[in-house]
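Take a look at the structure set out below.
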Amino acid sequence: MLTGKTVVIAVTGSIAAYKMADCARELTKLHADVHVLMTQNATQFINPITFETLTQHKCLIDTFDRNFQYSVEHVALAKAADVVLIAPASANVIGKIACGIADDMLTTTVMACTCKKLVAPAMNHNMLHNPIVQENIEKLRRYGYGIIEPARGMLANRDIGDGKLPDVKILIDRVLQEIAKPKDMAGVKLLVTAGATCEPIDPVRFITNHSTGKMGAAIARAASLRGADVTLVAGSCTAEMPPFAEIVNVRTAEDMYREVTARAPEQDIIVKAAAVADYTPEHTAEDKIKKSDGEMAIPLRRTKDILKALGENKRAGQLICGFSMETRDLLENSSRKLKAKNCDMICANSLRTEGAGFGTDTNVLTLITADGTEELEKMSKLQAADMILDRLMEMRGK
Ligand SMILES: Cc1cc2nc3c(=O)[nH]c(=O)nc-3n(C[C@H](O)[C@H](O)[C@H](O)COP(=O)(O)O)c2cc1C
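Mapping to the working numbering: the sequence shown position 170 is 199, numbers consecutive.
This is the structure in structure tokens:
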């Protein structure tokens, strides 16, 4: 995902420095070209050899080290960087950058960089809440630095407080958000539904389906990496929720209908990828469930049709995309759905195809629009999400 991108990690003298070995490793796994800068004090916490082995690049510490590949290393690296991640950022380095001090390799390179700079402050609770440190952080924010908010938890001295370096995953997600994809969806408001609804029969049992939410979550993730303003209305999901999307958790089809239709008018694109139960028990009170000979007969009623409601209330310029999971007559049923629900695209998949449908990391989709059908090969759900978004963005441009 980061092929061809250069990520500069700037590590300072914080106890959390050791976590950056994992961060460097994860970024190289995403195929980024990773370079690590350290302050002299950071080398007290983690050995540069660790980073050099993981990144296959010399770890830069001393501005006046003559043993460099380039003559003016800090300028060369500053030019090459697509993003700089200053993590953990000590109170000292935050203060230096905020005051324009460049007295070592790390601060000099940061000052020479014109790309986006992300700062992850990590320090003791009282240091973090020191008004001077807060003012320095605000100053960096004003100058366009992205601040990765410190987490709350057990700090190095075993106090519970603010100032913990967030999980490596959060750091990586911020890097991905900056540089993984061109921001062709900036300004686009997209709502996507994901997962299964659960229809309670009684306080113990419920009707649901096998949806894990992976496809909807992949669409939300891909759209937010492309700069869209994403709302994810999530039923029961085992898929990991994407960062940078507003998550609205719902349980029943009725909840999902309410949350989606309330937000629909302001959306540019709506993708219904959730598997909403078609039926819900008519009565949830135990006394209404008829029992005869040990068998239960539960009266059911149809749930509201979310896609149909969206199609009926579609505003000019809005695009609506639904999913269709069929066991037979895939194209006929899906094309019928396109018209009947006034959708702009139906993503059809057969539950009989290997690598498609619920729970898998891959999907095999046919995209159906008024212009025709496009069969996609088997691909990851994240790749499929990008294909769907590509087509929807092309339709928006028309
Ligand atoms: C064990 C230990 C842990 C430290 N952890 C932090 C920390 O998490 N954050 C911080 O801002 N300073 C921390 N410090 C203080 C910094 O190392 C100190 O301010 C140093 O001058 C920072 O140097 P640098 O900013 O050039 O890397 C710690 C010091 C010690 C001895």
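No residue lacks a Cβ here, since even glycine has one placed at the ideal position from N, Cα and C. Note that the structure is predicted; figures quoted are calculated from it, not measured.
- Using a cutoff of 6 Å, the CB of residue 217 does not count as near ligand 1, since none of the ligand's heavy atoms is closer than that.
- Collapsing the DSSP output to three states places residue 191 in a strand.
- In the same chain as residue 370, and ignoring 5 residues on each side of it, the C-beta atoms closer than 7 Å to its own belong to 336, 337, 340, 351, in chain order.
- Annotated three-state conformation of residue 262 is strand, per DSSP.
- Using a cutoff of 6 Å, the CB of residue 152 counts as near ligand 1, since one of the ligand's heavy atoms is closer than that.
- Straight across, the Cα-Cα distance linking residue 37 with residue 280 is about 42 Å.
- In chain order, 225, 238, 240 place their CB closer than 6 Å to the CB of residue 304, counting only its own chain and leaving out the 5 sequence neighbours on each side.
- Exclusion of the five residues before and after residue 31 leaves 59, 60, 61 as the residues of its chain whose Cβ lies within less than 6 Å of its Cβ.
- Excluding residues up to 5 positions away in sequence, 53, 57, 63, 64, 65 lie with their Cβ nearer than 7 Å to the Cβ of residue 84 in the same chain.
- Just so you know, the alpha carbons of residue 419 and residue 426 end up roughly 11 Å apart.
- One Cα belongs to residue 163, the other to residue 170, and the distance between them is close to 11 Å.
- Cβ neighbours of residue 298 within its own chain (closer than 6 Å, five residues either side excluded): 219, 348, 421.
- Taking 8 Å as the upper bound for CB-CB distance, residue 122 and residue 135 are in contact here, some 7 Å apart.
- Its Cα nearest to that of residue 250, the residue 410 stands out among 423, 387, 410, 236.
- The beta-carbon separation of residue 356 and residue 329, rounded to 20 Å, does not stay under the 8 Å limit for a contact.
- Annotation for residue 122 indicates a beta carbon within 6 Å of some heavy atom of ligand 1.
- Nearest Cα to residue 119 within the set 109, 110, 151: 151.
- Distance from the C-beta of residue 129 to the nearest heavy atom of ligand 1 is not below 6 Å.
- When beta bridges are read from the DSSP output, residue 122 appears opposite no residue.
- Between residue 90 and the set 51, 124, 109, 131, the nearest pair of CA atoms involves 131.
- When only Cα atoms are considered, residue 182 and residue 368 end up about 52 Å apart.
- Annotation: residue 377 to residue 397 spans about 7 Å, alpha carbon to alpha carbon.
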